[in-house]
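Below: the structure, in structure tokens.
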């Protein structure tokens, strides 16, 4: 849902001015190309093959209390999620996708290793999770909480979150008395190890207030109190893991107090302290950054580091070493919908020489031409053509209804109202079948080195569904990043990647010993040269326990290398604090690395 400043709402009524302003929001897209031409020009193309490989899933939206019927498409426009995992440890990546209607089933697509998938959710016990009275699924993330070598599953909901233990890839058992909240309206969650003790912890981010049962409302005063600075959303949960399936709520003790409407959260070593910091992308307001103080406390520094100074509609938070400088930038998606609103997406790049509580960010999305992504949702960084630079895939679109008449004008009637009016859903204008930013073209920005070009349609990304989550993984173990996209009330899409043979790659599959076995939070800093040149390239990547919007990429780290690559070394910094150097790892291989006690 958007955040609209009053000045922009007033401008809606001046069509002439809006028409002029629209020119500032033009997207520069490359035209569609035949696959061979796309591969020759850009080094790759994507082919949508879901039905051919056995994937047949269409997301169903939740139906909430009938007091919200007049704006149901607006308030129930979330829940399409996808996460990538090798749940049975057979060396082939699988995917889990959630549904969001009462009675609908989640799917666990098992990779058969022959290029096809089979839904095994029913037999594994993780399909029927949208039962009456328990809420509906919003997403899922994977992490090995007991360090037994198999990834366990957290399913978060508008309702009762569920934790499953992975029984060595043969089935899943619900973990009772896990310490998870009894009821919370969670829209994002991650696994991470905030104190480096080798036991995975959880962070759950509430969207609606946890005291609200969206299926049985006491009253309709449930909406954000402001379109710019709403602070009446769901609480956050920092849950410390015991390694045995029980989690202790340490949120307040650790200094996390956010009540903003969080849509996405990611963790990473942003402050360069060796501990994972938290970045919260919040709807109806400002983003927040919680700096980790040695695993003992979190301090919110968003306003100090500049990301908390401008209220927008944060929907995505993903990390990438965009400039190959060894530090992570954070991509936050917002809304750019000409002629009604131009927030622009953000690429928060750490300012050189700033770390810790003095960390500062600069927003470089505009200068790199990756700010105009329409009504943006999930986004992921990945090297799609293996040229050694991270590209960016973005999905978008809000509500596509049968009537293409836009809801913007009706919406403007509520966005400029007083707090007491905005907060009550009965005051929101009825949608009456109208659309809101529907049927939008997705973005795939190709990183040319200092400049990005939108080549989505040129390389085969032609869908116009209402996109939500996007996740990346090498499903064929062929050294190429494939793409899975979950769409609101739309099909799950699987884009198979075809990369030119001349570009090389390398991958690292990490296993912690002193660190958590999933190696979540482990960093790999890769150094390589090309074409006999003396110039040394570097790129930093980190194993993630959930990233983007309602998504999780494969944990295996994929590096593109370009042509004629020679790798000098890979330096691994484990969450335990130890470092490990792999000298001259061979390109074109998946390197399985187990943490050593010391370098």
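Numbering (my numbering), first residue to last: 778 to 1376. Backbone N, C-alpha and C fix where the C-beta goes; we use that ideal spot for every residue, glycine too.
Sheet register partners of residue 1370 (DSSP bridge)
Within the DSSP secondary-structure output, residue 1370 pairs in a beta bridge with 1287.
Can you tell me the Cβ-Cβ gap for residue 957 and residue 940, rounded? I've got them flagged as a contact below 8 Å.
6 Å
If you run the structure through DSSP and keep just helix, strand and coil, what is residue 1185?
helix
Report yes or no: do three or more beta-carbon pairs, one from the segment 1194-1211 and one from the segment 1250-1259, lie closer than 8 Å?
no
Candidates 951, 1135, 1270, 1236, of which the one nearest residue 817 by Cα
1236
Compute the Euclidean distance between the alpha carbons of residue 1300 and residue 1169, then round it to the nearest angstrom.
20 Å
Alpha-carbon spacing of residue 1115 relative to residue 1348, whole angstroms
Straight across, the Cα-Cα distance linking residue 1115 with residue 1348 is about 45 Å.
By Cβ distance, which residues of its chain are closer than 7 Å to residue 897, with the 5 residues on each side in sequence left out?
885, 887
Taking only the alpha-carbon atoms, compute the straight-line gap between residue 1249 and residue 1329 and give it to the nearest angstrom.
For residue 1249 and residue 1329, the distance between alpha carbons rounds to 8 Å.
With a threshold of 6 Å on Cβ separation, who are the neighbours of residue 822 within its own chain once the five nearest residues in sequence on each side are excluded?
Same-chain partners within the cutoff: 812, 815, 816, 1236, 1237, 1275.
Between residue 763 and the rest of its own chain, which residues show a CB-CB distance below 7 Å, the 5 nearest in sequence each way excluded?
The structure shown has nothing for residue 763, since the chain only spans 778 to 1376.
Is residue 800 helix, strand or coil when you go by DSSP?
For residue 800, the predicted structure reports a pLDDT of 37, less than 50, and the residue's modelled location is therefore unreliable. The matter cannot be settled from this model.
Residue 1341 to residue 1282 span [Cα, whole Å]:
Using only the alpha carbons, I get a separation of about 10 Å.
Going by DSSP, name the residue or residues bridged to residue 1153.
1173
Does DSSP classify residue 1202 as helix, strand or coil?
Judged by DSSP in its simplified three-state form, residue 1202 adopts helix.
Terminal residues of the continuous beta strand (DSSP E) containing residue 1377?
The chain is shown from 778 up to 1376; residue 1377 falls before or after that span and cannot be answered.
One question on the structure: do residue 914 and residue 876 come within less than 8 Å of each other, judged by their Cβ atoms?
yes
Check whether the segment 897-906 touches the segment 846-859, taking contact to mean three or more Cβ pairs, one atom from each stretch, closer than 8 Å.
no
DSSP state of residue 879, grouped into three classes?
When secondary structure is reduced to three states using DSSP, residue 879 falls in the coil class, being assigned neither helix nor strand.
Delimiting residues of the beta strand (DSSP E) encompassing residue 1331:
Residue 1331: not part of any beta strand (DSSP E); DSSP gives it neither H nor E.
Looking only at its chain, what residues have a beta carbon closer than 7 Å to the beta carbon of residue 800, apart from the 5 residues adjacent to it on each side?
Only weak support is given to the placement of residue 800: the predicted model assigns it a pLDDT of 37, under 50, and the question is left unresolved by the model.
Cβ-Cβ distance between residue 1323 and residue 932 below 8 Å
no
Over the uninterrupted beta strand (DSSP E) stretch that includes residue 1350, give me the two end residues.
According to the DSSP assignment, residue 1350 belongs to the beta strand (DSSP E) that extends over 1342-1350.
Collapsed DSSP secondary structure at residue 901 in the structure displayed:
helix
Going by CA-CA distance only, name the one from 1372, 1345, 1291 that's closest to residue 1311.
1345
Under 8 Å between C-beta atoms of residue 1118 and residue 1045
no
Burial state of residue 1099 (16 or more Cβ within 10 Å):
buried
Count the CB pairs spanning the segment 1033-1044 and the segment 1007-1015 that are closer than 8 Å, and state whether there are at least three.
yes
I need the straight-line Cα distance from residue 954 to residue 1304, nearest angstrom please.
46 Å
Counting only runs of 4+ residues fully inside the segment 903-951, write out the alpha helix (DSSP H) ranges in chain order.
none
Give the secondary structure of residue 999 by DSSP, where H, G and I count as helix, E and B as strand, and everything else as coil.
coil
From the DSSP secondary-structure annotation, give me the bridge partner or partners of residue 1263.
1246
Could you tell me whether the segment 957-971 touches the segment 984-991, where touching means 3 or more Cβ pairs closer than 8 Å?
Below 8 Å, enough C-beta pairs join the segment 957-971 and the segment 984-991 to call them touching: three or more.
Could you tell me which residues DSSP pairs with residue 1224 in its beta bridges?
1229
Run through DSSP, which three-state label would residue 1045 get?
strand
For residue 957, the three-state DSSP class (helix, strand or coil)
In this structure, residue 957 counts as coil in the three-state DSSP scheme.
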